[in-house]
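Numbering (the UniProt record's numbering), first residue to last: 81 to 569. Since the structure comes first, as structure tokens, the remarks are kept for the end.
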Ligand code: GDP
């Protein structure tokens, strides 16, 4: 059932009802960790389940014990460097690791990182993050007294150039009979391709293969997608995911608020912009317009679609008919006594067209009910740039600015939009992508769950122990915006 509680933020709950811990962090080095609660407008799943909180605290202890800089880490790395021979400790003393390798745009990366972290929780591993230059200075350390950054002397060389199907990928190891269900001697590390397409390690989602992978000390996960719905669809993890997240749609919402804390440089962008342009409004509406090449339509058609959607779902303020200026009279100019409703519309897009058109709309027409409408857009880069730190920082700032809205209109299929809704803790209204380059009808749909869509899920035919069809029907649905995708609800 939908829970509509709002306003769980505020200075009094800066640790998000126990999701975050205070100890082990230096406040000044990561302000967003302590300040973001003041900006979020919805916290529908606060407090999180006691079981999730226990699991996170246990994870933090494991990370502190096994993370870079600890003797256990040094021992495991030494063992990796020297092949699989036994090291100084007994088998049980070793920790198991999961190294995340980033790929694709920022929204994709954040969603895949959430999924990879959930897998680390479910498989008792320690999550480490390979941070190439473009991914540096975006996020603070999420775990107390520890680092999640993979040290540069990690023995597997050229992590950014392994490609999709290195010799060490699980499918190649299986094909070359270097790993099998009954082997006890497993390779020291295994690469997993958990991306959208091409050479995907689909066996990862099979129960028998999970038992094999559990023996491997180092897993390297190369991923650009949200794969939580597939984890849920595995018999092995279903029960645990339910216990952690009694409301399944909250997985990405809670884990994104737990893991992601923009660094002070990004937080500076966010708070300067918010406080200068958005804070004064009584209501904020985020509008994220992403135009994919496969669904490109003219700016005019897109604008028409936005307005049609807004009218259908009653989101943006409507305008008075021409000549009717009764409600925004100038009687209060300078008096300072009458409080008007003010709505700030925040646009995030690579293009400036929608900002220009919406601004003109409310300049030329009075909004109904005397609402004062202002329109803002922080950047319009024109072209998508991935792999540049400055661009990623601005993209991250915009994802956060959107997430501080009371309402969101996002673009279907866009992981950028999924992330802003997950952080915001709300179900956005999603614009359908154009088909055959024509504006879609209906223009948009209101989401029934805030869980992001897993595009192109793998087939689960290997699952003897799979979740029953009835359970899947109750909790996994076809995405509203992607006929081939699945999401949790
Ligand atoms: P998706 O392609 O929409 O699923 O989202 P991604 O975040 O994975 O990739 C798109 C990339 O394009 C982002 O990471 C940004 O670098 C850039 N981008 C797309 N839309 C915007 C926007 O509204 N603002 C900014 N600053 N960058 C954007």
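Don't be surprised by glycine CBs; every beta carbon is placed ideally from N, CA and C. Every value quoted in this text rests on a predicted model; they were computed, and no experiment measured them.
Taking just the CA atoms, how far does residue j sit from residue i?
| i | j | result |
| --- | --- | --- |
| residue 293 | residue 274 | 14 Å |
| residue 213 | residue 553 | 42 Å |
| residue 235 | residue 436 | 51 Å |
| residue 481 | residue 288 | 43 Å |
| residue 384 | residue 505 | 27 Å |
| residue 462 | residue 226 | 38 Å |
| residue 408 | residue 390 | Note on residue 408: pLDDT 48, under 50, position unreliable in the model; the coordinate value appears next. Whole-angstrom Cα-Cα distance: 21 Å. |
| residue 376 | residue 517 | 6 Å |
| residue 136 | residue 204 | 11 Å |
| residue 148 | residue 443 | 56 Å |
| residue 320 | residue 378 | 46 Å |
| residue 180 | residue 555 | 27 Å |
| residue 42 | residue 352 | Only positions 81 to 569 of the chain appear in this structure, which leaves residue 42 out of reach. |
| residue 502 | residue 182 | 20 Å |
| residue 160 | residue 311 | 28 Å |
| residue 440 | residue 93 | 39 Å |
| residue 295 | residue 264 | 8 Å |
| residue 526 | residue 111 | 33 Å |
Between residue i and residue j, which are expected to be in contact by the criterion C-beta below 8 Å, what is the C-beta distance as a whole number of angstroms?
| i | j | result |
| --- | --- | --- |
| residue 200 | residue 207 | 4 Å |
| residue 549 | residue 559 | At roughly 19 Å, the Cβ-Cβ gap does not stay under 8 Å, so residue 549 and residue 559 are not in contact. |
| residue 367 | residue 425 | 6 Å |
| residue 210 | residue 239 | 5 Å |
| residue 317 | residue 202 | 5 Å |
| residue 511 | residue 522 | The Cβ separation is near 10 Å, so there is no contact. |
| residue 334 | residue 125 | 6 Å |
| residue 395 | residue 329 | Residue 395 to residue 329, Cβ: 21 Å. No contact. |
| residue 536 | residue 143 | Not quite, the Cβ-Cβ distance comes to about 31 Å (not below 8 Å), so this is no contact. |
| residue 285 | residue 538 | 5 Å |
| residue 500 | residue 490 | 7 Å |
Leaving aside the five residues before and after residue i along the sequence, list all residues of the same chain whose C-beta is less than 8 Å from its C-beta, in chain order.
| i | result |
| --- | --- |
| residue 217 | 343, 345, 346, 469, 473 |
Mapping DSSP to helix, strand and coil, what is residue i?
| i | result |
| --- | --- |
| residue 177 | strand |
| residue 482 | helix |
| residue 550 | helix |
| residue 307 | coil |
| residue 238 | coil |
| residue 192 | helix |
| residue 472 | helix |
| residue 99 | coil |
| residue 271 | strand |
| residue 393 | helix |
| residue 167 | Low confidence applies to residue 167: its pLDDT is 49, below 50, so where it sits in the model is not reliable, and the reading given next is rough at best. Coil, per DSSP. |
| residue 160 | helix |
| residue 436 | helix |
| residue 292 | helix |
| residue 452 | strand |
| residue 387 | helix |
| residue 556 | strand |
Go through its chain and collect everything with a Cβ distance to residue i's Cβ below 7 Å, but skip five positions before and after it.
| i | result |
| --- | --- |
| residue 476 | 186, 218, 342, 346 |
| residue 350 | 342, 477, 480, 481 |
| residue 493 | 372, 513, 561, 562 |
Short of 6 Å in beta carbon distance, which residues of its chain neighbour residue i, apart from the five on each side in sequence? Order them along the chain.
| i | result |
| --- | --- |
| residue 357 | 456 |
| residue 280 | 273 |
Runs of beta strand (DSSP E) wholly within the region 309 to 385 (minimum 3 residues, chain order): Counting only runs of 3 or more residues that sit fully inside the region 309 to 385, the beta strand (DSSP E) segments are 363 to 369, in chain order.
Unbroken stretches of the beta strand (DSSP E), 3 residues or longer, contained in the region 500 to 545: Counting only runs of 3+ residues, the beta strand (DSSP E) found wholly inside the region 500 to 545 occupies 509 to 511, 524 to 526, in chain order.
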